[in-house]
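First to last, the sequence lines map onto chains A and B.
Quick note on numbering that gives the first Met the number 0: the first sequence kicks off at 0 and runs consecutively.
Quick note on numbering that gives the first Met the number 0: the second sequence kicks off at 0 and runs consecutively.
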Amino acid sequence: MDKFGFTILKERHIDYDANDKCIADYIASREPGFMLCIECGCCSATCTSGNFTRFSLRELQILIRRGENDLAREDISKCMLCGKCILVCPRGVNTRNVVTLAREAFQKNMNNAV
Amino acid sequence: MQFDPFVIPFNIGLYFILIYSVVRSVRWFGNLSRPDKLRLQRGFFGRAFGQSLREIFMESLIHRKILKSNFRLGYMHMSLAFGWFLLILFGTLEADIFGEKHLNPPYKAIFFKFFNPEHGRQGFEAVYSFWMDLILAFILSGLLLAVIKRFSSGVVGMKRSTKLRPLDKVALTSLWLIFPSRLLAESFTSGAYGTGSFLTGSLGSLLAGLMPAQEIAYPFWWLYSLSLGAFFILLPLTRYMHIPTELFLIFARNSGITTGDKSGAFKEIQKYSCSSCGMCIDACQLSFSADITNIQGAYLLKGLRNNENVSDIAFNCLMCGRCDIKCPVGIELTPIRMISRRAGETEQVKSSILKEYLPDMIDNTPVKSNGKPSYSWLPEEEPGRAEVIYFAGCMTHLTPAVKNSMVRILNTARVNYIFMDSSGGACCGRPLMLAGQDREARELINFNSKIIWKTGAHTLVTSCPICYKVFRESYYLDVEVVHHSQFIRKLIDEESLRLNFLRKKVVYHTPCDLGRGSGVYEEPKDVLRHVTRLQKTDFEDEDSFCCGGSLGNLKISSHDKSRIAMDTAAALTRCKPDMLATSCPLCKKTLSAATETKVADIAEIVAEAIAPAPVKKKLTDPLSRIRETVRLP
């Protein structure tokens, strides 16, 4: 393989073995709508916080579903829960509950670690 | 000395409950904050005292509020409460007048017939026994309704009855047993002695003909005493704790104590004042539109009383405030729910049976969040100075028509204003508060407050009732906060706005946060009456519905949301209006998805009605006639 010059870029690498899906499971079990997301990005387009920063709910959703929680942890606190994303979501995902549950899950996770 | 061992259970129960009520009241008083204590003291020796006595008579005994809204249900409650009160009052008088001496112990009055079986043969005595029988019949008729209600709540005009826990059922059974056992005990005694009036007398003579009345009466007197005793002993652990608590609540409320936004003694008092009557369940749109019937105020308070984890209940609510209005006890359900939503408030606390009798005040210290504040990245803003600030709010940015109309109105009226979030500002903070995250909300509040201070404005106009409520209640600002409907009315009154009359039939939907939440009912309707034909609906003002899109509910699915929106829209458009008007961008968004009728915000309607400025005609210009728009009369 080395001969062909292909290599795995570390930043493009999704390591499903190392990733931890506990947060995604926590959310999905309490808010089944979480799995309805088609990652269209309407929520990010309308986001109040996204107006100030590069916070994107779509990105968060992808990261959490993949299990890359460390990347999501920082961003999740930026949401203002204003609820515009619910109104624009074509799939009817209860995004506010997703964010609240994600915060809750991170909180619990951290408490356990300490 | 007249005495019989069967009165012992009653005596134990009675003295227990009297002492217990005093102990609990003293504890509640001790737990009140210092200003509240002063308020209560002042209220107790002031005008509030008479007011409270009147309210106790009208609401706790007569149940005026329930009678007004539902006669059969009100009659049921009244006959049990007022009837029992009359029975005690006239029973005491009876024992005092006809007994062997004055000032008897309570059991002499309650078991008067047992100790004075010969009473009531003729003259005034017979009239008095007739009156006592009448009261008993009054109570029994209510009891019959109550029993039927347990099996079929439709009989008293209720859609649903509250689900009870086992201990409540035991207490309920003992309460139900009290009056029939009194009836039978008195009847048998009357039958044996040939006394008694139309009820006990005739039933007694009938029964005496069938069986030995004298011997059978005694066990029924025991049953009567036992059921009274059991009811009193169980009362503190069940929903019947509302009977003594409500008295305290009425005094506290009339003295000016409110729930506020912290867990405290007043919340505790309200928690125990709920009788689980189920009025809130029938008022709740989640119950009749979306079949969610386990989260209403009665269940929240029941969960709180039993130290259960109420987080699912607390968050599954539209916070529309319909139950607050309907609650016959006047419990502030929505503020209590807000408190229950805060972090650390919903944790479960285990307690023993002794603890249940004298529960501790739960000291809830909010869970400390990890890391630094979440919105420190918000930029510093340097707005210009102006007299009026216009804050559109997040939801208004989703409905640009409202925003643009407001800009047009403000420009036309030549208002010196600043559009605070023209390029999309921060959220007002109420959605975070509704999610129980007050600390985070405070950061947004500070951010917005800073901008408002810098502008030096005297009026803040907002288009969104959600923002309006939080600006008024949680911001410490030196500006007058008005909703755009109020501001437009002011402009019309000042004649800064000249409006045409639109020939349209319009129905107005009152948004929850503007109407029940902030008490703004008339201004939007005045504006609409000015420009359109406003029609009346059955759901005006306090009875208005929630559109279902409320940010208050974090748990509701989009399917249930749209069911509520459909029902609301259908109810409002029953008289086939040309337009459904509202004054909330969120309501507009939710309702327009649920109905064929055009939904418009007040600002849009007003902007449409703006009369063109009078053009100075140049008489010399031959084209002026052609340029002028032709208007039909």
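Backbone N, C-alpha and C fix where the C-beta goes; we use that ideal spot for every residue, glycine too.
Once DSSP output is grouped into helix, strand and coil, what is the label at residue i?
i, result
"Gln121 (chain B)", "coil"
"Gly370 (chain B)", "The pLDDT assigned to Gly370 (chain B) is 40, lower than 50, so where the model puts this residue is not dependable; a value taken from the coordinates is nonetheless given after this. Coil at Gly370 (chain B), not helix or strand."
"His483 (chain B)", "helix"
"Val505 (chain B)", "strand"
"Asp662 (chain B)", "With chain B covering 0 to 632 only, the question about residue 662 (chain B) has no answer from this structure."
"Thr633 (chain B)", "The structure shown does not extend to residue 633 (chain B), since chain B is modelled only from 0 through 632, so no value can be given for it."
"Gln1 (chain B)", "coil"
"Tyr474 (chain B)", "coil"
"Met419 (chain B)", "coil"
"Phe390 (chain B)", "strand"
"Val460 (chain B)", "strand"
"His12 (chain A)", "coil"
"Ile294 (chain B)", "coil"
"Thr47 (chain A)", "coil"
"Val113 (chain A)", "The pLDDT assigned to Val113 (chain A) is 37, lower than 50, so where the model puts this residue is not dependable; a value taken from the coordinates is nonetheless given after this. Looking at Val113 (chain A) - three-state DSSP - the assignment turns out to be coil, as it is neither helix nor strand."
"Arg90 (chain A)", "coil"
"Ala436 (chain B)", "The amino acid at residue 436 (chain B) is misidentified as Ala; the sequence shows Gln. Gln436 (chain B) falls in the coil class under three-state DSSP."
"Arg102 (chain A)", "helix"
"Cys131 (chain B)", "Rather than Cys, the amino acid found at residue 131 (chain B) in this sequence is Met. It is helical."
"Met318 (chain B)", "coil"
Once you ignore the five residues that flank residue i on each side, which residues in its own chain have a CB closer than 6 Å to its CB?
i, result
"Phe33 (chain A)", "Ile26, Ala27, Val97"
"Ala592 (chain B)", "none"
"Phe54 (chain A)", "Ser48, Asp74, Lys77"
"Gly296 (chain B)", "Cys279, Cys322, Leu332"
"Phe129 (chain B)", "Ser196"
"Leu85 (chain B)", "Ile134"
"Ile18 (chain B)", "none"
"Thr471 (chain B)", "Before going on, a small fix: residue 471 (chain B) reads as Arg here, not Thr. Closer than 6 Å at the Cβ level, and outside the excluded window around Arg471 (chain B), lie Val480."
"Ile22 (chain A)", "Ile63, Asn68, Ala104"
"Val92 (chain A)", "Gly32, Leu35, Cys36"
For residue i and residue j, which I take to be in contact (beta-carbon distance under 8 Å), what is that distance rounded to the nearest angstrom?
i, j, result
"Leu299 (chain B)", "Ile312 (chain B)", "5 Å"
"Leu431 (chain B)", "Ile451 (chain B)", "Leu431 (chain B) to Ile451 (chain B), Cβ: 18 Å. No contact."
"Val506 (chain B)", "Ala602 (chain B)", "Contact doesn't hold; Cβ gap of about 17 Å is too wide."
"Leu285 (chain B)", "Ile268 (chain B)", "Leu285 (chain B) to Ile268 (chain B), Cβ: 26 Å. No contact."
"Arg528 (chain B)", "Lys503 (chain B)", "Contact flag wrong, Cβ pair sits at about 12 Å."
"Ala608 (chain B)", "Leu501 (chain B)", "5 Å"
"Gly141 (chain B)", "Ser78 (chain B)", "3 Å"
"Leu80 (chain A)", "Ala425 (chain B)", "Rounded, the Cβ-Cβ distance is 12 Å, inconsistent with contact."
From the options, pick the residue whose C-alpha is nearest to that of residue i; which is it?
i, options, result
"Ile555 (chain B)", "A:Cys21, A:Met79, A:Pro31, A:Tyr15", "A:Pro31"
"Phe48 (chain B)", "B:Lys575, B:Phe250, B:Ala568", "B:Phe250"
"Gln646 (chain B)", "B:Ser275, B:Asn103, B:Glu54", "There is no way to answer for residue 646 (chain B), as the model of chain B reaches only from 0 to 632."
"Phe56 (chain B)", "B:Leu142, B:Leu246, B:Arg532, B:Leu198", "B:Leu246"
"Gly90 (chain B)", "B:Ser51, B:Met131, B:Phe70", "B:Met131"
"Arg488 (chain B)", "B:Pro464, B:Ser517, B:Glu522", "B:Glu522"
"Gly263 (chain B)", "B:Ile335, B:Ala207, B:Val387, B:Ala391", "B:Ile335"
"Ile114 (chain A)", "A:Leu8, A:Thr45, A:Leu35", "With chain A running from 0 to 113 in the structure shown, residue 114 (chain A) is simply not present."
"Thr161 (chain B)", "B:Ala282, B:Lys535, B:Leu92, B:Val6", "B:Ala282"
"Ala568 (chain B)", "B:Ser582, B:Leu590, B:Gly551", "B:Leu590"
"Gly190 (chain B)", "B:Pro179, B:Gly203, B:Ala216, B:Arg181", "B:Gly203"
"Thr52 (chain A)", "B:Arg252, B:Phe418, B:Lys575, B:Trp376", "B:Trp376"
"Ser582 (chain B)", "B:Met565, B:Pro611, B:Glu439, B:Lys402", "B:Lys402"
"Ala104 (chain A)", "A:Ile13, A:Cys84, A:Lys20", "A:Lys20"
"Asp437 (chain B)", "B:Arg341, B:Asn305, B:Ala207, B:Arg41", "B:Arg341"
"Tyr467 (chain B)", "B:Lys168, B:Cys511, B:Glu439", "B:Cys511"
"Glu307 (chain B)", "B:Glu355, B:Lys325, B:Ile330", "B:Glu355"
Apart from the five residues just before and just after residue i, which ones in its own chain have a Cβ nearer than 7 Å to its Cβ?
i, result
"Asp540 (chain B)", "Thr509, Gly514, Tyr520"
"Ala112 (chain A)", "With a pLDDT of only 46 at Ala112 (chain A), under 50, the local geometry of the prediction cannot be trusted, and the value read off the model is given with reservation. None."
"Gly302 (chain B)", "Val309, Ile312"
"Arg562 (chain B)", "Ser288, Ala289"
"Lys266 (chain B)", "Thr258, Ile335, Ile338"
"Trp220 (chain B)", "Phe5, Phe110, Phe113, Ala184"
"Thr62 (chain B)", "Sequence inspection shows His at residue 62 (chain B); the Thr mentioned does not correspond to that position. Within the same chain, His62 (chain B) has close Cβ partners Gly73, His76, Met77, Ala80, Pro327."
"Gln50 (chain B)", "Asn253"
Mind checking if residue i is an interface residue toward chain C, Cβ cutoff 7 Å exclusive?
i, result
"Ser557 (chain B)", "As a matter of chain content, chain C is missing from the structure shown, whose protein chains are A and B."
Can you list, in chain order, the residues of its chain with a C-beta nearer than 8 Å to that of residue i? Leave out the 5 residues immediately preceding and following it.
i, result
"Leu496 (chain B)", "Ile408, Thr411, Ala412, Ile487, Leu490, Val605, Ile609"
"Asp420 (chain B)", "Phe390, Ala391, Gly392, His396"
"Val22 (chain B)", "Leu357"
Does the structure place the stretch 531-545 of chain B close enough to the stretch 308-327 of chain B that three or more beta carbon pairs sit under 8 Å?
Counting Cβ pairs under 8 Å, three or more are found: they touch.
Counting Cβ pairs, one atom from each stretch, are 3 or more of them under 8 Å apart for the stretch 204-212 of chain B and the stretch 145-155 of chain B?
Because the criterion of three Cβ pairs below 8 Å is not met, the stretch 204-212 of chain B and the stretch 145-155 of chain B do not touch.
Do the stretch 403-414 of chain B and the stretch 64-74 of chain A meet, that is, are 3 or more Cβ pairs less than 8 Å apart?
By the Cβ criterion, the stretch 403-414 of chain B is not in contact with the stretch 64-74 of chain A, since fewer than three pairs of Cβ atoms, one from each stretch, lie closer than 8 Å.
Decide yes or no for the touch test of the stretch 426-445 of chain B against the stretch 559-575 of chain B: beta carbon pairs closer than 8 Å, at least 3 of them.
No: fewer than three Cβ pairs fall under 8 Å.
Pair every Cβ in the stretch 219-236 of chain B with every Cβ in the stretch 115-123 of chain B, then say whether three or more of these pairs are closer than 8 Å.
Judged by Cβ distances under 8 Å, the stretch 219-236 of chain B makes no contact with the stretch 115-123 of chain B, as fewer than three pairs qualify.
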